[in-house]
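Novice:
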Amino acid sequence: KNEVEQSPQNLTAQEGEFITINCSYSVGISALHWLQQHPGGGIVSLFMLSSGKKKHGRLIATINIQEKHSSLHITASHPRDSAVYICAVGSQGNLIFGKGTKLSVKP
Amino acid sequence: KAGVTQTPRYLIKTRGQQVTLSCSPISGHRSVSWYQQTPGQGLQFLFEYFSETQRNKGNFPGRFSGRQFSNSRSEMNVSTLELGDSALYLCASGSGGPTYEQYFGPGTRLTVT
Numbered sequence: 001k002n003e004v005e006q007s008p009q010n011l012t013a014q015e016g017e018f019i020t021i022n023c024s025y026s027v028g029i030s031a032l033h034w035l036q037q038h039p040g041g042g043i044v045s046l047f048m049l050s051s052g053k054k055k056h057g058r059l060i061a062t063i064n065i066q067e068k069h070s071s072l073h074i075t076a077s078h079p080r081d082s083a084v085y086i087c088a089v090g091s092q093g094n095l096i097f098g099k100g101t102k103l104s105v106k107p
Numbered sequence: 108k109a110g111v112t113q114t115p116r117y118l119i120k121t122r123g124q125q126v127t128l129s130c131s132p133i134s135g136h137r138s139v140s141w142y143q144q145t146p147g148q149g150l151q152f153l154f155e156y157f158s159e160t161q162r163n164k165g166n167f168p169g170r171f172s173g174r175q176f177s178n179s180r181s182e183m184n185v186s187t188l189e190l191g192d193s194a195l196y197l198c199a200s201g202s203g204g205p206t207y208e209q210y211f212g213p214g215t216r217l218t219v220t
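If you read the protein sequences in the order shown, they are chains A and B.
Per the numbering used here, residue 1 is the first one in the first sequence, and the count goes up by one each step.
Per the numbering used here, residue 108 is the first one in the second sequence, and the count goes up by one each step.
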């Protein structure tokens, strides 16, 4: 079993929909990252959080340390949000990555 | 501030050769981490350097090595290349290590034939 599990693996949405991507982990962590990767490979760090909730524009990330679970929400999704979203946990100086969720937002 | 830069962006090598990849971090960042991304394994942590010292290491064979210079620039070396080393190699810089906010470079796509 992977230490970081993401769901769903693939997600297709219509423009304007509310989107949720989930991440569960099984190790002790010091922080959790949400990353966005566009075709071509470039990775952008969206959030780093160790408790509670963070919001940036239309993106919201939450984490529940007791349940070892985090969610990334996108409100009013747009085709430019189409990308792979990756959850990564910081544990013992390393980053352990989930397999990613490929999001496609149709106009 | 300039972002993280990686050179070269694309590289084709033959099995058995060695390769050196370079990463220049954001000015002021002392931590540089390296990652390998393949379709099968996804993203995996290689190692992290902080102030010229390797601070953390992932589960990769000794063929993968790195170093960091006094200006925080880092190089990664892979010796005796294997077909399975074909991957996108990403570096990221930050003020701390991988458990702090990371700023990623564009990556070097290595193809081993």
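No residue lacks a Cβ here, since even glycine has one placed at the ideal position from N, Cα and C.
Predicted model only: the values in this text are computed from it and were never measured.
Excluding the 5 residues flanking glutamine 161/B on each side, which residues of the same chain have their C-beta closer than 6 Å to its C-beta?
Specialist: Once the five neighbours on either side are set aside, the close Cβ partners of glutamine 161/B are Phe154.
Novice: Could you give the C-beta distance for asparagine 4/A and glutamine 37/A, rounded to a whole number, given that I count them as a contact under 8 Å?
Specialist: It should be pointed out that residue 4/A corresponds to valine in this sequence rather than to asparagine. 15 Å between Cβ atoms; not a contact.
Novice: With distances taken from CA atoms, which of Thr20/A, Gly93/A and Asn2/A is nearest isoleucine 63/A?
Specialist: Minimum Cα distance to isoleucine 63/A is reached at Thr20/A.
Novice: Taking DSSP's pairing of strands, which residues face serine 104/A in a bridge?
Specialist: Paired residues: Thr12/A.
Novice: Any beta carbon of chain B sitting closer than 8 Å to that of glycine 57/A?
Specialist: Chain B contact via Cβ: absent.
Novice: From glycine 203/B to valine 89/A, what distance separates their C-alpha atoms?
Specialist: Taking the straight line from one Cα to the other gives about 15 Å.
Novice: In chain B, which residues lie less than 7 Å from isoleucine 21/A when you measure between Cβ atoms?
Specialist: Chain B residues near isoleucine 21/A: none, gap ~15 Å exceeds 7 Å.
Novice: List the endpoints of the continuous beta strand (DSSP E) containing glycine 52/A.
Specialist: From DSSP, the beta strand (DSSP E) with glycine 52/A extends over 52-56.
Novice: Tell me where the beta strand (DSSP E) around serine 45/A begins and ends.
Specialist: First-last of the beta strand (DSSP E) with serine 45/A: 43-49.
Novice: Can you look up leucine 188/B in the DSSP assignment and give me helix, strand or coil?
Specialist: In this structure, leucine 188/B counts as coil in the three-state DSSP scheme.
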